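Here is the structure we will look at, set down as structure tokens.
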Amino acid sequence: CWRLPDSEPLMYGEVQSPQYPQPYPPNLQEQWDLSVPEGYQIRITFTHLDIEASAGCHYDALTVLYDGKVLGKFCGHENSADGHHPGNHPILSPGNRLTLIFLTDDNNPERHQNVGFSAQYQAIDIDECSAPEPGDGSDPLCSQICLNTLGSYLCSCHHGFELRSDQRTCVLSCGGGIFDEPEGHLFSPGYPNPPPHAVSCQYIISVENGFTVSLNFTDNFHIESVDTLQGPVCLHHWLQVTIPNREPMKLCGGTRPGLIVTNSNTVTLDYHTDNDGQSNGWSLDYSTNRVRCPFPGNVAKGRVTPILTEYLYRDYVYVRCEQGYKLMMDGQELDSFSTMCQSNAQWHLPLPECHIIDCGEPEPLLNGGVTFMSGFQNQYLSVVQYHCNEPFYSLLGGVNVSFTCEADRKWRSNNDIVVSPTCIPVCGQPTKHISAYQR
Amino acid sequence: IIGGSEAPENTIPWQVLLSVQGDRGGGMVIGDRWIMTAAHVVKHKEVASNDVIQIYMGLTEIKTGSLSPVFAASVHVHPDYNNLDDALDYNNDIALIKLQDPITFNSSIMPVCLPAEGATYVTGMMGLVSGFGVTEAAGNTRILTNKLKYVHLPVVEQETCSNSITLLKRTKSDVPSLTNNMFCAGVPEGKKDSCQGDSGGPFTLSEDGRFWAAGIVSWGVNCGQKGTYGVYTRVANYLDWINKTMQEN
């Protein structure tokens with residue numbers, strides 16, 4: 352003999368009697384040891400069974416066993432009056448093994464040739480978590496939470512507890528809990544039932560910068576307090592709420608605190624009990640709000656949008672100038688402007704100013720000039736008029752043209768002309784004529 | 005100018021004085037970069053060189069020391085001008101000079117208008133011809149004047165002029181021919197005429213208070229003689245060429 356290499360147990364298979372579907376030979380003593388992976392049980396179904404029928408399956412028989420215990424002994428065929436046929440009902444093993452033993456004697460009826468049996472089996476996952484609690488007082492599979500998995504199970508613990516090394520029972524351990532979601536629910540270990548004594552749990556709520564945390568305790572608040580002359584004090588049991596840059600506050604008693612608006616994105620809760628007394632604990636819902644920036648203000652000759660009742664973290668405002676004005680900041684012109692409410696409750700940029708635009712000096716006119724009619728320093732809506740040096744030049748078209756500084760920073764005439772006019776020479780008109788009075 | 009008068013300042017502001025290799029000629033301002041003159045004034049001479057041609061404007065008197073020429077950039081003689089060495093063919097006697105720099109006009113320098121499309125030359129209509137050419141003192145003595153002179157002359161009927169030239173040809177063999185690109189101006193009794201040194205200068209007609217360049221002083225047989233007329237290039241025939249030349253250059 353030599354050792355065969357280990358192989359993974361099959362998840363399914365088939366078993367047949369010798370020579371099946373030919374009649375089985377006499378004097379057989381065959382045994383099949385079926386197995387599937389741990390955490391599974393075997394379900395076997397006979398697709399055909401035809402074994403010499405006898406009372407109590409005395410002569411030929413197929414015996415199904417689990418761990419030495421007979422689950423069934425079968426012979427006969429579907430329609431036989433005697434014998435014991437499994438029919439279509441599958442047989443489920445309690446564990447991951449199953450043994451089949453097929454015994455035949457030396458005498459087979461001549462008139463009927465029995466063909467034996469054919470069966471198929473498969474692995475079925477065991478839901479260990481649904482097993483009833485043991486009645487013998489032994490410990491349950493998992494002390495708190497049982498999670499069934501394929502072929503196995505996992506134990507888990509409620510918040511404030513952690514799994515022991517036995518992977519089955521839980522021990523109180525509520526430190527290091529960090530809650531970073533924008534909203535959530537916290538409660539003391541075992542709440543609403545009293546936790547074990549000498550609890551020291553820390554809960555840290557730490558959300559993104561730009562958000563502030565509010566704590567809202569539920570009604571059922573119970574932390575033991577001690578009555579003194581100065582009133583109840585949180586002497587042995589307390590829940591301490593610590594907000595950065597503020598004095599920590601200890602909570603206890605039988606009445607829930609009101610809504611606590613922390614104005615901070617970080618809150619630390621320390622729950623402490625000693626070995627004596629009893630506190631049922633507490634639970635709370637926390638929520639977050641975006642920080643609020645100051646009202647952005649107004650811009651002369653401009654518009655700040657959108658107009659909101661309050662401006663919160665990540666809100667944007669935009670500034671647009673009125674027609675004829677341009678955005679300016681630190682002496683630089685801006686194409687556009689927006690500023691965002693930051694996590695520190697400040698706008699990331701101060702508001703710009705709107706300055707009136709100017710069109711620059713009007714294009715000079717060769718052999719002519721330009722006269723300011725109205726406006727100031729070539730600014731928006733200033734009006735200039737071109738003229739030619741008469742009488743030697745005249746405007747092409749002959750009509751004086753006014754140009755206005757428009758919002759696009761171009762000098763435009765009433766006819767939407769951008770280019771400046773042209774002076775054309777006057778021909779054939781001397782300023783002085785030859786006089787001839789003599790006749 | 006024979007039989008004319010001295011032009012007061014600013015009365016003929018388009019008048020140009022050309023000095024081409026020492027020969028005096030005339031011209032007229034027609035744009036801030038363009039002078040019009042007679043082809044025979046500039047033909048066969050390297051006129052674009054500033055050593056060869058000097059151009060003066062705004063003058064009524066040529067005074068040493070006060071002359072400030074403007075410079076030519078290019079000269080454009082009419083392509084059909086074919087006056088050969090015998091100097092008898094004055095047909096198409098027209099040329100343009102482009103200046104290097106544009107001129108700014110004022111009361112002493114101003115362009116003369118070009119003829120309107122379809123402008124007519126009405127016989128008897130008085131024109132104004134001017135120049136720094138020879139004049140005539142007492143006793144038929146010809147002298148070159150340094151003062152701009154002008155004379156008013158009527159447009160002569162084409163046939164009348166043609167007949168006068170035919171008559172001249174009977175006694176002189178080297179008289180040029182009159183073409184439809186020319187017209188005549190003058191008086192049959194003589195004494196008033198343009199003359200040597202006036203060539204290329206303006207013969208203007210006036211209409212609605214504007215002077216337009218009807219003719220360019222071109223040629224004539226003698227000056228101011230009885231029965232002869234001055235012959236001028238008919239500018240109205242060259243409007244297309246003038247505009248084309250200016251646009252292309």
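Residue numbers (the numbering used here), protein chains in the order written: chain L, 352 to 790; chain W, 5 to 253. Backbone N, C-alpha and C define an ideal beta-carbon position, used for all residues, glycine too. Every value quoted in this text rests on a predicted model; they were computed, and no experiment measured them.
Task: Cβ-based contacts, 7 Å cut-off: residues of the segment 212-245 of chain W near chain L - done: Per Cβ criterion, the list reads Gly213, Arg214, Phe215, Trp216.
Open item on the list: Measuring CB atoms only, is the segment 370-390 of chain L touching the segment 498-510 of chain L, in the sense that at least three cross pairs come out at less than 8 Å?
Closed with: Of all C-beta pairs linking the segment 370-390 of chain L to the segment 498-510 of chain L, three or more are shorter than 8 Å, placing the two stretches in contact.
Task: C-alpha distance - Asn465/L paired with Asp478/L, whole-angstrom precision - done: Using only the alpha carbons, I get a separation of about 39 Å.
- [ ] Could you check what DSSP says for Ile594/L in three-state terms: helix, strand or coil?
- [x] It is coil, neither helix nor strand.
Task: Three CB pairs or more closer than 8 Å across the segment 431-450 of chain L and the segment 395-406 of chain L - done: Short answer: they touch.
- [ ] For Cys756/L, name the three-state secondary structure that DSSP assigns.
- [x] Annotated three-state conformation of Cys756/L is strand, per DSSP.
Open item on the list: For Glu13/W and Thr64/W, I'd like the C-alpha separation in whole angstroms.
Closed with: Taking the straight line joining both Cα atoms gives about 6 Å.
- [ ] Would you kindly work out how many angstroms separate the C-alpha atoms of Cys672/L and Thr660/L, rounded to a whole number?
- [x] Answer to the nearest angstrom: the Cα atoms are 22 Å apart.
- [ ] Assess, as a yes-or-no matter, whether the segment 110-121 of chain W is touched by the segment 235-244 of chain W under the definition of 3 or more beta carbon pairs within less than 8 Å.
- [x] Touching, yes, given that three or more Cβ pairs across the two stretches are closer than 8 Å.
Task: Those runs of the beta strand (DSSP E) which lie wholly inside the segment 357-432 of chain L and span at least 3 residues - done: 363-367, 380-386, 391-401, 412-417, 420-425, all fully within the segment 357-432 of chain L.
- [ ] Please determine, among Lys173/W, Cys117/W, Gly201/W, the residue with the shortest C-alpha to C-alpha distance to Ile39/W.
- [x] If we check each option's Cα against that of Ile39/W, Cys117/W comes out closest.
TODO: Assign Leu635/L to buried or exposed, taking buried as 16 or more other Cβ atoms, counted over all protein chains shown, within 10 Å of its Cβ.
DONE: Answer is buried; the Cβ neighbour count reaches 16.
Task: Under 9 Å (Cβ pairs) to chain W, residues found in the segment 774-788 of chain L - done: Within the segment 774-788 of chain L, the qualifying residues are Pro776, Val777, Cys778, Gly779, Gln780, Pro781, Thr782, Lys783, His784, Ile785, Ser786, Ala787.
- [ ] With 8 Å as the threshold, decide whether the Cβ of Phe743/L is near any Cβ in chain W.
- [x] Yes, Phe743/L counts as interfacial toward chain W.
Open item on the list: Just to make sure I have the definition right: I need the residues of chain W whose C-beta is within less than 9 Å of the C-beta of Asn718/L. Which are they?
Closed with: For Asn718/L, the chain W residues whose Cβ falls inside 9 Å of its Cβ are Asp36, Thr108, Phe109, in order along the chain.
- [ ] Put Thr164/W into one of helix, strand or coil per three-state DSSP.
- [x] Helix, per DSSP.
- [ ] Would you mind giving the Cβ-Cβ distance between Pro17/W and Met130/W, rounded to the nearest angstrom? I have them listed as a contact below 8 Å.
- [x] Incorrect: roughly 19 Å between the Cβ atoms, too far for contact.
- [ ] Count the other C-beta atoms from every protein chain shown that fall within 10 angstroms of the C-beta of Asp627/L, then say buried if there are 16 or more, exposed otherwise.
- [x] Answer is exposed; the Cβ neighbour count stays below 16.
- [ ] Report buried or exposed for Asn447/L, applying the criterion of at least 16 other Cβ atoms within 10 angstroms of its Cβ.
- [x] The residue is buried, with at least 16 neighbouring Cβ atoms inside 10 Å.
- [ ] Mind checking which residues open and close the alpha helix (DSSP H) that includes Gln251/W?
- [x] Looking at the DSSP string, the run of the alpha helix (DSSP H) that includes Gln251/W is 243-252.
Open item on the list: For His80/W, count the other beta carbons within 10 Å of its own beta carbon; 16 or more makes it buried, fewer makes it exposed. Which is it?
Closed with: By the neighbour-count rule (16 or more Cβ atoms within 10 Å), His80/W is buried.
- [ ] Please confirm if Cys165/W has its CB atom under 8 Å from at least one CB of chain L.
- [x] No, because no Cβ of chain L sits closer than 8 Å to the Cβ of Cys165/W.
- [ ] Check the C-beta distance from Val159/W over to Gly128/W and give it rounded, since I have them as a contact under 8 Å.
- [x] Confirmed, about 6 Å.
TODO: Compare the C-beta of Cys188/W with all C-beta atoms of chain L and state if any pair is closer than 8 Å.
DONE: False, the Cβ-Cβ gap to chain L never drops below 8 Å.
- [ ] Report yes if the C-beta distance between Gly675/L and Tyr731/L is below 8 Å; otherwise report no.
- [x] Yes, Cβ-Cβ distance for Gly675/L and Tyr731/L is below 8 Å.
Open item on the list: Residues of chain L with CB closer than 8 Å to the CB of Glu13/W, please, in chain order.
Closed with: Going along chain L in sequence order, the residues near Glu13/W (Cβ under 8 Å) are Lys783.
Open item on the list: Just verifying my parser: in three-state terms, what is the DSSP assignment at Lys195/W?
Closed with: Looking at Lys195/W - three-state DSSP - the assignment turns out to be coil, as it is neither helix nor strand.
- [ ] Compare the C-beta of Pro158/W against all C-beta atoms of chain L and say whether one is closer than 8 Å.
- [x] Not closer than 8 Å to any Cβ of chain L, the Cβ of Pro158/W fails to qualify, so no.
TODO: Anything in chain L within Cβ reach of Tyr60/W, meaning under 7 Å, just list it in chain order.
DONE: Correct list: empty, because the minimum Cβ distance to chain L is about 18 Å.
Open item on the list: Can you confirm whether Pro206/W, when its beta carbon is compared against all beta carbons of chain L, has any partner nearer than 8 Å?
Closed with: For Pro206/W, the nearest beta carbon of chain L is not closer than 8 Å to its own beta carbon.
Open item on the list: Taking the alpha-carbon of Pro715/L as reference, which of Val750/L, Pro772/L, Thr690/L has the nearest alpha-carbon?
Closed with: Ranking the options by Cα distance to Pro715/L, first place goes to Pro772/L.
Task: Alpha-carbon to alpha-carbon, Ser386/L and Ala412/L - done: Between the alpha carbons of Ala412/L and Ser386/L lies a distance of about 21 Å.
Open item on the list: In whole angstroms, give me the CA-to-CA distance for Asn110/W and Ala758/L.
Closed with: Answer to the nearest angstrom: the Cα atoms are 38 Å apart.
Task: Proximal residues to Ser615/L (C-beta, below 7 Å), its chain only, five neighbours per side dropped - done: Thr563, Val564, Ile594, Pro595.
- [ ] Helix, strand or coil for Ile6/W, going by three-state DSSP, please let me know.
- [x] Shown here, Ile6/W sits in a strand according to DSSP, grouped into three states.
- [ ] Return yes when the Cβ of Gly219/W is within less than 8 Å of the Cβ of Gly28/W, no when it is not.
- [x] Residue identity check: residue 28/W is Arg in the sequence provided, not Gly. No, the Cβ-Cβ distance between Arg28/W and Gly219/W is not below 8 Å.
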